[in-house]
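So the structure is just underneath, and the comments pick up after that.
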């Protein structure tokens with residue numbers, strides 16, 4: 225009673241309108257339950273490691289984090305454009321990911337690893353050998369994740385949407401096979417993104433699959449797709465000059481380009497849904513934390 229009287233006295237000192245608003249803003253003390261502490265949360269963490277097909281703005285992983293995990297999951301997209309199993313480690317990104325994997329407070333931390341696109345590259349800092357470097361790098365990543373106290377999950381690379389004579393040309397199939405072999409040898413769960421994204425793209429066909437890209441295709445690209453064989457991807461447009469950017473506020477830019485590898489919002493939604501479904505199958509203990 226004394227506390228209630230003190231509170232009402234304090235409110236009475238307010239101007240009339242403010243007094244009425246304060247009374248309506250919260251229920252009186254006598255109507256509130258006796259205060260107790262909230263029970264400890266059981267929280268999980270998912271760290272996504274990979275290339276541009278996972279990265280913000282050009283991949284599926286940000287949509288996965290936004291729509292396919294519950295609030296009890298901290299979901300961190302560390303995908304970066306142009307990275308391979310070699311360059312991701314060499315530049316220090318892998319060390320950052322492992323620092324996140326060691327962070328305490330989570331019931332379990334899962335690290336999803338998806339590479340292949342840039343391991344297939346010819347660029348000096350990126351390429352790896354399919355039969356030697358690539359599987360060795362993946363094996364070391366698995367060991368590092370386990371040493372950090374987390375659970376490794378290997379993800380086969382997102383299929384490209386290139387067609388030849390009406391059939392999907394899955395240029396990453398051999399890299400997906402190498403990932404499966406490492407997973408089998410090291411008892412690591414696998415998210416079959418290459419297999420299931422390829423199926424989804426084949427069902428759409430070469431023309432409809434263009435809607436999954438970051439930008440619209442040119443008429444000649446559509447015409448080629450209708451004939452059954454997609455054109456070679458054209459170079460990305462130049463980034464806007466810094467002088468054209470706003471003087472204040474966010475100034476970062478991701479250049480939207482049409483190709484058969486990267487995805488816009490529609491593509492990200494399609495493939496993030498596939499990842500959520502396949503992850504629940506590969507890691508059943510995590511299924512209750514995933515949303516369809």
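Residue numbers (our numbering): 225 to 516. For every residue, glycine included, the Cβ atom is placed at its ideal position computed from N, Cα and C. In this text the structure is predicted, and so the values were computed from the model without any measurement.
Rounded separation between residue i and residue j - CA only
i	j	result
residue 321	residue 273	7 angstroms
residue 403	residue 412	10 angstroms
residue 340	residue 504	22 angstroms
residue 174	residue 259	Because the chain in this structure spans residues 225 to 516, residue 174 falls outside the shown range and cannot be described.
residue 228	residue 266	Low confidence applies to residue 228: its pLDDT is 49, below 50, so where it sits in the model is not reliable enough to give any reading.
residue 309	residue 250	54 angstroms
residue 491	residue 288	12 angstroms
residue 362	residue 271	16 angstroms
residue 353	residue 343	8 angstroms
residue 312	residue 253	56 angstroms
residue 307	residue 319	14 angstroms
residue 295	residue 385	33 angstroms
residue 493	residue 290	10 angstroms
residue 376	residue 369	6 angstroms
residue 474	residue 480	17 angstroms
residue 248	residue 242	10 angstroms
residue 355	residue 305	23 angstroms
Where residue i sits in the DSSP three-state scheme
i	result
residue 301	strand
residue 508	helix
residue 454	coil
residue 333	strand
residue 338	strand
residue 235	Model confidence at residue 235 stands at a pLDDT of 48, short of 50, so the residue's coordinates are unreliable; what they give is reported in the following sentence. In the structure shown, residue 235 sits in a helix (DSSP, three-state: H, G or I).
residue 498	helix
residue 442	coil
residue 430	helix
residue 471	coil
residue 391	strand
residue 396	coil
residue 281	coil
residue 379	strand
residue 253	helix
residue 319	helix
Check whether residue i and residue j have beta carbons under 7 angstroms apart
i	j	result
residue 278	residue 364	no
residue 488	residue 434	no
residue 436	residue 445	no
residue 430	residue 482	no
residue 281	residue 478	yes
residue 383	residue 335	no
residue 333	residue 269	yes
residue 381	residue 392	no
residue 422	residue 394	yes
residue 374	residue 325	yes
residue 389	residue 452	yes
residue 513	residue 366	no
Whole-number beta carbon distance between residue j and residue i, since they are thought to touch under 8 angstroms
i	j	result
residue 379	residue 515	Going by Cβ atoms, the distance from residue 379 to residue 515 rounds to 18 angstroms, so no, they are not a contact pair.
residue 359	residue 414	With 8 angstroms as the limit, residue 359 and residue 414 do not qualify as a contact, their Cβ atoms being about 14 angstroms apart.
residue 496	residue 284	5 angstroms
residue 387	residue 460	About 21 angstroms; that fails the 8 angstroms criterion.
residue 301	residue 286	5 angstroms
- Item | Validate contact between the segment 415-422 and the segment 453-473 using beta carbons, cut 8 angstroms, 3 pairs | no
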